[in-house]
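**Student:**
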Amino acid sequence: MKDDAKSRKTALTEHLKASILTLRLQPGSDLDEAHLSDAFGLSRTPLREVFRQLAGEGYLDLRTNRSARVTEMSYTTLRDFFLAAPMVYGAILQLAAQNATRTQIDELKEAQQAFKAALRSGPGEDRALANNRFHDVTGEMSGNVYLLPSFNRLLIDHARIGMTFYRPQTTSISDNLSKASQQHDAIIAAIEAGDEAAAAQLAEDHWNLSRDQIELFVMPDALDAPMGIAPLSKPA
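Take 6 as the starting number for the sequence shown in the working numbering and just add one per residue.
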């Protein structure tokens, strides 16, 4: 019985993570606790245990006497994301090159094969989740208890604001996806060789590749004001 309850909690956890990462659950939206309880056969106590776990990882916000809510994405969080992401990604890949085990390298290669398969025939959601898994493994490789929570939090918003990157509508975006896959292969090679300098450079290259597409998501073409600066009001 305990194993069955644990399995249902795990299923709910994975369902919520995937739904949040792929925007099936929009930032700031409230969770329907009654629906989730019925759908996964969980009472309030184990349901709230899952919510607390996901809140600790950055997926949800918990509010007193109110339903759990998907973590919002504001201009403040986006600004912080753009400031922190390149530094954290670089540190993660350097540490991965230092610390990766043979088993972890094999897991990274499996994640890359799943990513390539999703690029060939999968929908945007599958591509985003496969990419997230690839980077999640590099975080596990780093083995740093201080850095990893920040990296995992970055991955949540990277997946959410990058969903348009995995639904290419132009040739240039499709080309970037191909380059991203090639860079994944190079990252694996650098980590396998223990080459920290190459891993750090690839982190920068990989971030630069996705940054422009993410900025298009954050700042549509119709808006010409720099992010964080309010447009001038029109004269009365």
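Note that beta-carbon positions come from the ideal geometry of N, C-alpha and C, so glycine has one too. As the structure is a computational prediction, the values presented were derived from the model and not from experiment.
Taking only runs that begin and end inside the stretch 70-110, name each unbroken beta strand (DSSP E) of 3 or more residues, in chain order.
**Tutor:** Here no run is fully enclosed.
**Student:** By Cβ distance, which residues of its chain are closer than 7 Å to Lys121, with the 5 residues on each side in sequence left out?
**Tutor:** Your numbering for residue 121 matches position 116 in the sequence shown. Around Lys121: Ser186.
**Student:** Exposed or buried, what is Gly167 when buried is set at 16 or more other beta-carbons lying within 10 Å of its beta-carbon?
**Tutor:** For this step, residue 167 is matched to residue 162 along the sequence shown. Its Cβ being crowded by 16 or more others within 10 Å, Gly167 is buried.
**Student:** So, does the stretch 74-87 touch the stretch 198-207, judging by three or more C-beta pairs under 8 Å?
**Tutor:** No: fewer than three Cβ pairs fall under 8 Å.
**Student:** Which residues in the same chain have their Cβ closer than 8 Å to the Cβ of Ala16, if we skip the five residues on either side of it in sequence?
**Tutor:** Position 11 of the sequence shown, counted from the first residue, corresponds to residue 16. Here the set comprises Phe45.
**Student:** What is the residue span of the alpha helix (DSSP H) that Pro154 lies within?
**Tutor:** In the sequence shown, residue 154 corresponds to position 149, counting from 1. Pro154 -> alpha helix (DSSP H) spans Leu152 to Ile166.
**Student:** DSSP three-state call for Asp66: helix, strand or coil?
**Tutor:** Working through the sequence shown from its first residue, we reach residue 66 at position 61. The answer is strand: DSSP assigns Asp66 an E or B state.
**Student:** Run through DSSP, which three-state label would Asp37 get?
**Tutor:** For the purposes of this step, residue 37 is identified with residue 32 of the sequence shown, where counting begins at 1. Looking at Asp37 - three-state DSSP - the assignment turns out to be coil, as it is neither helix nor strand.
**Student:** Take the Cβ of Ser126 as the centre, count every other Cβ of all protein chains shown within 10 Å, and call the residue buried at 16 or more, exposed below.
**Tutor:** For the purposes of this step, residue 126 is identified with residue 121 of the sequence shown, where counting begins at 1. By the 10 Å Cβ count, Ser126 comes out exposed.
**Student:** Between the beta-carbon of Ser72 and the beta-carbon of Glu19, is there less than 9 Å?
**Tutor:** Residue numbering aside, residue 72 sits at position 67 when the sequence shown is read from its first letter. Residue numbering aside, residue 19 sits at position 14 when the sequence shown is read from its first letter. It is not a contact, given that the beta carbons lie outside the stated cut-off.
**Student:** Can you tell me where the alpha helix (DSSP H) holding Arg132 begins and where it ends?
**Tutor:** Position 127 of the sequence shown, counted from the first residue, corresponds to residue 132. It spans Gly129 to Ser147 - the alpha helix (DSSP H) in which Arg132 sits, taken as one unbroken run.
**Student:** Assess contact between the stretch 105-119 and the stretch 56-64, defined as three or more Cβ pairs (one per stretch) separated by less than 8 Å. Is contact present?
**Tutor:** These segments do not touch.
**Student:** Round the Cβ separation of Gln109 and Val142 to the nearest angstrom and send it over; I've been treating them as touching at under 8 Å.
**Tutor:** Locating residue 109 in the sequence shown gives position 104, where the first residue counts as 1. Locating residue 142 in the sequence shown gives position 137, where the first residue counts as 1. Sure, about 6 Å apart at Cβ, within 8 Å.
**Student:** Compare the beta carbon distance of Pro32 and Val93 with 9 Å and say whether it is the shorter of the two.
**Tutor:** By one-based count along the sequence shown, residue 32 stands at place 27. By one-based count along the sequence shown, residue 93 stands at place 88. Cβ atoms of Pro32 and Val93: not closer than 9 Å.
**Student:** Report yes if the CB atom of Ala133 is closer than 9 Å to the CB atom of Ala164, and no otherwise.
**Tutor:** The sequence position of residue 133 within the sequence shown is 128, counting from 1. The sequence position of residue 164 within the sequence shown is 159, counting from 1. Yes, Cβ-Cβ distance for Ala133 and Ala164 is below 9 Å.
**Student:** Nearest to Arg68 by CA position, among Phe56, Ala119 and Thr27, is which residue?
**Tutor:** Numbered from its first residue, the sequence shown carries residue 68 at position 63. It is Phe56 whose Cα lies nearest to the Cα of Arg68.
**Student:** So, using beta-carbon positions, are Ser251 and Leu124 closer together than 9 Å?
**Tutor:** Outside the shown range of the chain, which is 6 to 241, sits residue 251, and nothing can be said about it.
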